[in-house]
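Some notes on the structure that comes next.
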Amino acid sequence: MNPLHLIPAIFLAAATQLAAQEMPVDSASSQSSTGQGAISQDATPPESHRDTRYSLAVIDDATFYSDLQAPLPQVQNQVLVEPSLTLRYKPRWSFSTSLIGVADRYTDNFSQIRVKEAYAGLSAGDFDFMAGRRIVRWATGYAFTAAGVLDPPRIPTNPTDRLNLNEGRDMLKADYVHGPHAFTLAWSTAALAPEPNVHDTTAFRYNVLVRGFDTSLIAGHDRGGDSFEALTFTRVLGEAFEIHGEAAWREHEAVLIGGKYTTASGITVIGEFFSPPDIPYFRDATPYPLTGRQHYLYIGARKNRLREVPHWKEWDLAVSAVSNLNDLSYTAVIDATRRFGNYFSSYVHLEVPAGTSKSEYGATPYSAATSIGLRFQL
Amino acid sequence: MSSTHTNSINCAVRALMFVLFIGILIAYAAMSRAATPAVPDALAALRRSDSFRNGWPSYILNVKITSFESGKAGEVKLYEVSQKGTEKTYVEFMSPREKGQHLLMLGDDMWVYLPDTSRPVRITPLERLSGDASNGDVARTNYAADYTPTYVRTEEAGGEDCYVLDLAAKRKGATYQRILYWIRKQDDRPVKAEFYLTSGKLIKFATFDEYLNVAGHAQLRRMTLHDEIRHNSSSVLEYSGIAPRELPDKLFYQGRTDRF
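Those protein sequence lines, which keep their order, are chains E and B.
In the working numbering, each number is its position in the first sequence, counted from 1, plus 149.
In the working numbering, each number is its position in the second sequence, counted from 1, plus 940.
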């Protein structure tokens, strides 16, 4: 059975629930004080049917390449303007959009506006529906992913997408959430996808929390491509450990296992091992032609707010390294961020690749890339 | 005849002595009771003190956290908190640098939703402790659900006669492993708290500074967290917009990616 046929059925079931659903009752009521001497009084705010959220980020980023081995400029300047707006009417209807305006000066001077996300949502009882472009991440991996069939690509040297450049997939999505169970059916079209090698994808996900294990089963099909199945999990152990993993089958098996440890002083260490098979789906993510199954290791440590050091409370520091264990090449990354007040921050991002000229990271055409930038957030 | 009369006198004297003895016992017991202060029911007192921060089974509130360093105000953070029961808390981050982030706490399990992803990130109990005001300080305020209280003593704090309760964490997932808690003797209102790590180290203490009356419930309006490791650091938490609300269960489901 084509999973797409399930979507109208789900819409029908939701419409039934929507009709039967009672309007939420505003239980907020303002009452007079009971007259306790020193206690001031406050009226309870009325429940609003309309809600708005907005944000704006402006980033000026300059990247300097050292020992560049290609006929390219050594400095790339980018100015990014990233507004976002979400409107919600009652708890039921929502609309959200997030744009990226880029002015780039490198090999060419160009300006463009990209749609990061733009979607409308309807919530009806236990059902949620969404249509439009949306970033979803079903996978649990931090620097890599085996199971993220609709996820934006993970870049291990930039796992947090520091410039917020990831764009969503265009999709229709239906969620059914009941008790601890969530079922999601999504169909994504590649027609408007900015990246090449993206297929129309139909995917299903079942998510449940059992005994602290946040577990998902994923299955789906790329039109004109592969079918796939995957399992993901996360679990917190004690006060300081978190473990997560992904196992996926797409022609061959792909495995990711990772963990996170937080020290009493607030330093968080993340490690991940990833082994993808040698198939086009996983090769597309790497620029270097690789042969055979690859094995990767990611190790990172970060500390937000260096409170222990006098006058460094506004600083965040992170160091990480990603290595291809087959050719022993790696890239080391250092990030430092300094906050100024409530709206401004500046940062330095340094990438240093190493390895032989025919290795994955050693083949990077520069010896170091240093990005410095200023960020305003509203 | 004489013997019968003597027996009657003996009986009367015995009865009188017995009544006298019982009377002395009762008087002694009453005097002892008056001299010893009543020991409060620690759990009942803790539950009543929780009601000053959790006035309804389901409610919303806004939290504004201002950090101070050497008395100078620093970054301001804003949160919208939705609480249902003692186990479900959903926090939306509203300050400019954190907009789009959400935090979900279900019992001991905790997730953070980051704006560039829809993926919930599991965080450990120790990650809750970052900052002068930790995630747990904002999202986990029902102490009776997380801690076992023991009455320690009665003493004055903040100009009030207070019961001092020793709260021991029921699970490792609790925000703190031990809290020493001063609640007002008169009505169990929180006055002061000291927070300890597993190692026994005192990391911060709180003063509960101001209350306001919301729909007939006295609710915490302002508290101050003092950092005991960096003594010149503190955070002021101001609560506003407190209101009972019917909150849907699916707001608190970790697999729901369609966050606001």
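By construction, the Cβ of each residue, glycine as well, lies at the ideal position given by its N, Cα and C atoms.
Since this is a predicted model, take the numbers as computed values, not measurements.
Give a yes or no on whether 7 Å exceeds the smallest Cβ distance from residue i to chain B.
i: residue 411/E; result: yes
i: residue 447/E; result: no
i: residue 197/E; result: no
i: residue 282/E; result: no
i: residue 389/E; result: yes
i: residue 167/E; result: Any reading at residue 167/E is ruled out, since the residue's pLDDT is 47, under 50, leaving its predicted position unreliable.
i: residue 456/E; result: yes
i: residue 326/E; result: yes
i: residue 526/E; result: yes
i: residue 204/E; result: yes
i: residue 495/E; result: no
i: residue 523/E; result: no
Taking CB distances under 7 Å as the criterion, tell me whether residue i reaches chain E.
i: residue 1016/B; result: yes
i: residue 1062/B; result: yes
i: residue 1168/B; result: no
i: residue 1134/B; result: no
i: residue 1144/B; result: no
i: residue 954/B; result: no
i: residue 1201/B; result: Outside the shown range of chain B (941 to 1200) lies residue 1201/B, about which nothing can therefore be said.
i: residue 1190/B; result: yes
i: residue 1112/B; result: yes
Quick test of your reading: residue i and residue j, contact by CB under 8 Å. State the CB separation rounded to the nearest angstrom.
i: residue 466/E; j: residue 474/E; result: Rounded, the Cβ-Cβ distance is 26 Å, inconsistent with contact.
i: residue 509/E; j: residue 476/E; result: 6 Å
i: residue 982/B; j: residue 1120/B; result: Actually they are not in contact, since the Cβ atoms of residue 982/B and residue 1120/B sit about 13 Å apart, beyond 8 Å.
i: residue 206/E; j: residue 231/E; result: 4 Å
i: residue 1004/B; j: residue 1021/B; result: Residue 1004/B to residue 1021/B, Cβ: 11 Å. No contact.
i: residue 1060/B; j: residue 1159/B; result: Not confirmed; about 30 Å, so no contact.
Return the first residue and the last residue of the beta strand (DSSP E) that residue i is part of.
i: residue 1075/B; result: Taken as a continuous stretch (DSSP letters only), residue 1075/B belongs to no beta strand (DSSP E), being part of the alpha helix (DSSP H) at 1075 to 1079.
i: residue 884/B; result: The question about residue 884/B has no answer here: the residues shown for chain B are numbered 941 through 1200.
i: residue 336/E; result: 330 to 338
i: residue 1163/B; result: 1157 to 1167
i: residue 352/E; result: 350 to 359
i: residue 1019/B; result: 1012 to 1024
i: residue 1134/B; result: 1130 to 1136
i: residue 293/E; result: Per DSSP, residue 293/E belongs to no beta strand (DSSP E) and is neither H nor E.
i: residue 1125/B; result: Taken as a continuous stretch (DSSP letters only), residue 1125/B belongs to no beta strand (DSSP E), as it is neither H nor E.
i: residue 405/E; result: 401 to 411
i: residue 483/E; result: 478 to 489
i: residue 1009/B; result: 998 to 1009
i: residue 234/E; result: 224 to 238
Helix, strand or coil for residue i? Go by DSSP, reduced to three states.
i: residue 987/B; result: helix
i: residue 390/E; result: strand
i: residue 962/B; result: helix
i: residue 507/E; result: coil
i: residue 1050/B; result: strand
i: residue 199/E; result: strand
i: residue 263/E; result: strand
i: residue 494/E; result: strand
i: residue 416/E; result: coil
i: residue 254/E; result: strand
i: residue 953/B; result: helix
i: residue 445/E; result: strand
i: residue 1184/B; result: strand
i: residue 1190/B; result: helix
i: residue 377/E; result: strand
i: residue 947/B; result: helix
i: residue 1060/B; result: strand
i: residue 1114/B; result: coil
i: residue 362/E; result: strand
i: residue 167/E; result: In this prediction, residue 167/E scores a pLDDT of 47, lower than 50, which makes its location untrustworthy; the coordinate-derived value is nonetheless stated afterwards. Helix, per DSSP.
i: residue 1067/B; result: helix
For a contact defined as C-beta to C-beta under 7 Å, what are the partners of residue i on chain D?
i: residue 1194/B; result: Looking for chain D here will not work: the only protein chains present are E and B.
When you measure from the CB of residue i to every non-hydrogen atom of the ligand SAH, does any distance come out below 6 Å?
i: residue 204/E; result: In terms of ligand content, the structure shown is empty, and the ligand SAH therefore cannot be addressed.
Contact list for the region 365 to 386 of chain E against chain B, Cβ threshold 7 Å: 383 and 385
If you measure beta-carbon to beta-carbon, which residues of the region 1003 to 1035 of chain B are closer than 9 Å to chain E? 1007, 1009, 1014, 1015, 1016, 1017, 1032, 1034 and 1035
Residues of the region 305 to 320 of chain E whose Cβ lies closer than 8 Å to any Cβ of chain B, in chain order: 309, 310, 313 and 315
Residues of the region 240 to 269 of chain E whose Cβ lies closer than 8 Å to any Cβ of chain B, in chain order: 240 and 243
The region 339 to 356 of chain E: positions lying closer than 7 Å to chain B by Cβ: 356
Just by C-beta distance, which residues in the region 480 to 492 of chain E are closer than 9 Å to chain B? 488, 490, 491 and 492
Listed in chain order, which residues of the region 403 to 427 of chain E have Cβ atoms closer than 9 Å to some Cβ of chain B? 409, 410, 411, 412, 413, 415 and 417
Looking at chain E, which residues of the region 1159 to 1185 of chain B have a Cβ within less than 9 Å of any of its Cβ atoms? 1159, 1161, 1167, 1169, 1170, 1173, 1180, 1181, 1182, 1183, 1184 and 1185
Please list the residues of the region 494 to 513 of chain E that have a C-beta atom closer than 8 Å to any C-beta atom in chain B, keeping them in chain order. 494
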